[in-house]
Structures are given as structure tokens and as C-alpha cells.
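Heads up, the sequence shown is in the numbering used here, so the first residue is 452 and it goes up one at a time. By construction, the Cβ of each residue, glycine as well, lies at the ideal position given by its N, Cα and C atoms. Since the structure is predicted, the reported quantities are computational estimates derived from the model, not experimental observations.
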Amino acid sequence: AEGKVVLLLGGAALGPDALDAVSRVTAATGAEALTVTFPPRLTRGAGVPAVDRLQYLAEFAQMQLAGARALVLVDAPRPASFFAYPDKPSDLVPEGCAVFELADGGDDVVGALEALADRVAPGVAPVPVPAARPERPRGGALTGETAAAAIGAWLPEGAVVVDESNTSGLWLAGATAGAPRHDWLTLTGGAIGIGLPLAVGAAVGAPDRPVVCLESDGSAMYTIQALWTMARENLDVTVVVFDNSSYAVLNLELRRVGATEPGPKASAMLDLHDPTLDFVALAQGLGVPARRAETVDDLTAALDEAAGEDGPHLVQAVVPPAL
Numbered sequence: 452a453e454g455k456v457v458l459l460l461g462g463a464a465l466g467p468d469a470l471d472a473v474s475r476v477t478a479a480t481g482a483e484a485l486t487v488t489f490p491p492r493l494t495r496g497a498g499v500p501a502v503d504r505l506q507y508l509a510e511f512a513q514m515q516l517a518g519a520r521a522l523v524l525v526d527a528p529r530p531a532s533f534f535a536y537p538d539k540p541s542d543l544v545p546e547g548c549a550v551f552e553l554a555d556g557g558d559d560v561v562g563a564l565e566a567l568a569d570r571v572a573p574g575v576a577p578v579p580v581p582a583a584r585p586e587r588p589r590g591g592a593l594t595g596e597t598a599a600a601a602i603g604a605w606l607p608e609g610a611v612v613v614d615e616s617n618t619s620g621l622w623l624a625g626a627t628a629g630a631p632r633h634d635w636l637t638l639t640g641g642a643i644g645i646g647l648p649l650a651v652g653a654a655v656g657a658p659d660r661p662v663v664c665l666e667s668d669g670s671a672m673y674t675i676q677a678l679w680t681m682a683r684e685n686l687d688v689t690v691v692v693f694d695n696s697s698y699a700v701l702n703l704e705l706r707r708v709g710a711t712e713p714g715p716k717a718s719a720m721l722d723l724h725d726p727t728l729d730f731v732a733l734a735q736g737l738g739v740p741a742r743r744a745e746t747v748d749d750l751t752a753a754l755d756e757a758a759g760e761d762g763p764h765l766v767q768a769v770v771p772p773a774l
């Protein structure tokens, strides 16, 4: 039959044993694999098979799924666009594509994937990602791209990464793909503000692992009090706040629903100036040591300092809007 087969992975299908089985299946059959757009916990990095994420923007997700004759859900919901848009479909399954469910959260998801791999890929080995870090950037302006390179070059082994960087984090996945093995936690419910308290929970739940929270400035303001808990409990969390002084993702969504020329009041609602947010002062007021980074060298020095000291640290990384 013509057309490709795509496995869509979520939940329990995102751990190392599950990803090994998925890699065997894709290597043997030519099927493709994608994770849900916002995986709750994805093991990744050197030694772990790589899986791309289903894109956030519906148009790009449709391109990833185009030509699929079969979509196999593995502890994942049927793919749909993040928002409902005028005159655009919300269901992202291509026309004529059959949808199957291999396993859901109530099943033995890893066992189902391993049984599938034993059936279609006997003797085939998984394909792990080789160790590879970006070169540590030196000098120059701080942008989303250079910040990602600095973080990818620095990321400690065994880290738990909480990613709510939104538009400023577009380059992070590529820059950390071959970093030492780590877990990547993302925004799963759609309501921004999960990053800081999720980092608290990760640090309490895994006290022997470094926690790195990659946070956008607008999202941080929803739950800034989590910094006080980090200080009170002396949690090993390094917070990088990407400060672009804007709700850039909401500006993007405003354009996507047809509001291409918002008035001054609508624009002001998505702007984070007047007054400008001082995350260094906010963090210090809540008991967390903090530094401001305006250059690549500022950021790398701040990350090194955080790695060398116990307890929480915050870096306010000043970057231009990415979109």
C-alpha cells in the first residue's frame, strides 16, 4: 500500500525502553515516529534514540503527517491543533488515513512496543543518538539561538530540563539533542505558568539530579512565587528566564486568527514594558541568587557559577523577540 506509517508517542511511550523499541520498529520497517507536541516527560540525549516532536503550528504538523496511510497512537491522543482557528481544520489526521491505537495509559505500553518490535524487527538494534555538543559560543550578542548553543554546551549529565521557553526556545531541541542523557518536561495543559512550580516538583522528586528550568518571562510571572519555595527548600534548580519583554507567542496567535493590525490597547496587553520586569530583583527578593545576562559570555559565566554552587540560581537572559 502507498503511504507511510506514523507512530505517535505520548505518556509511557517516551521513556528509554519504549524509545529503544520504537527505534527498532522504525529501523526495520521504514515507519516514522513522532512524539506529541508537548511530551510530559521525554528521555533524550546521547545514547537514546531521537524522535521528533509533532509541530505546534497546525500547518507544520499537517506537513509532518502528510501522506500517512496509517497513524498508530501509542499512549497518545488523536492529534489536533492547539487552538481552533477560523476556516482551518482542528483534526490533523490526513484524509484517508486509518487511525489505530496500540496501547493507552491503562495498558503495558512498553510491553506492547517491545512485543511489536520483536514481531516486526527481530534482531534489529535500536539507533541511539551519538554524543555531540555544540561548540561553546564566545563573545557576541545574546539571542535565542546563541543562548541555546550555550545551554547545549553546558547542560549537566542526568539533568531534568523543564522547558517553558516558548518562542525563545526554538533552537533548544537541536542544541541539546546530543547532550548527556537527560529528561525533558514540557507544558502539557496549555495554560502557561507551569515552568517554575514544575521545576520545584522535579527537584523535590529527584534531589540527586540537577534541574534546569528554561522559562519565558511572561510565563514566569504567573507563578513567580515558586522561586521562594526553591530558596526555602534549597533546591538545586538553575532558572534561565528568557526576557524578550513580550508575550510573543500570543502576538503570533493574534496574527493567526486574522488580527494582523491590533490597536494600541490590544498590543499593550501583550507587552511587558512600562514597567520593565527586573527578574534579578524579583529573584533576590524571594531569596534566590540572580544575575542578568546581556551577552553570550554573561550567560556562560552565570551557568558555570550556578553549576558550581548548591541551591537555586536565576539568570535573566535578555534576548530579542524570536517571532
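Whole-angstrom distance between residue j and residue i, CA atom to CA atom
{"i": "H724", "j": "P772", "result": "13 Å"}
{"i": "A601", "j": "V612", "result": "15 Å"}
{"i": "L465", "j": "P491", "result": "9 Å"}
{"i": "T597", "j": "C548", "result": "40 Å"}
{"i": "D634", "j": "F489", "result": "13 Å"}
{"i": "A566", "j": "V578", "result": "18 Å"}
{"i": "L458", "j": "H764", "result": "39 Å"}
{"i": "A554", "j": "G640", "result": "21 Å"}
{"i": "L524", "j": "E510", "result": "20 Å"}
{"i": "G629", "j": "V499", "result": "9 Å"}
Buried or exposed (CB count within 10 angstroms, at least 16 for buried), residue i
{"i": "T674", "result": "buried"}
{"i": "E453", "result": "exposed"}
{"i": "A519", "result": "buried"}
{"i": "S718", "result": "exposed"}
{"i": "E760", "result": "exposed"}
Which of helix, strand or coil DSSP assigns to residue i
{"i": "Q676", "result": "coil"}
{"i": "T751", "result": "helix"}
{"i": "T597", "result": "helix"}
{"i": "V731", "result": "helix"}
{"i": "E565", "result": "helix"}
{"i": "E712", "result": "coil"}
{"i": "T486", "result": "strand"}
{"i": "L621", "result": "coil"}
{"i": "D555", "result": "coil"}
{"i": "V571", "result": "helix"}
{"i": "V544", "result": "coil"}
{"i": "V688", "result": "strand"}
{"i": "L508", "result": "coil"}
{"i": "L606", "result": "coil"}
{"i": "D503", "result": "strand"}
Option in the options with minimal Cα separation from residue i
{"i": "L733", "options": "T494, L721, T627 and A677", "result": "A677"}
{"i": "A535", "options": "V550, A717 and L508", "result": "L508"}
{"i": "L665", "options": "T494, A582, Q767 and A479", "result": "Q767"}
{"i": "N781", "options": "S619, D569, P500 and Q506", "result": "Nothing can be reported for residue 781: it is not among the residues displayed for the chain, which extend from 452 to 774."}
{"i": "R504", "options": "A512, A497 and G498", "result": "A512"}
Beta-ladder partner(s) of residue i, from DSSP
{"i": "A768", "result": "F693 and A744"}
{"i": "S667", "result": "F693"}
{"i": "V550", "result": "L522"}
{"i": "R495", "result": "H633"}
{"i": "E615", "result": "E666"}
{"i": "D722", "result": "S697"}
{"i": "V456", "result": "A521"}
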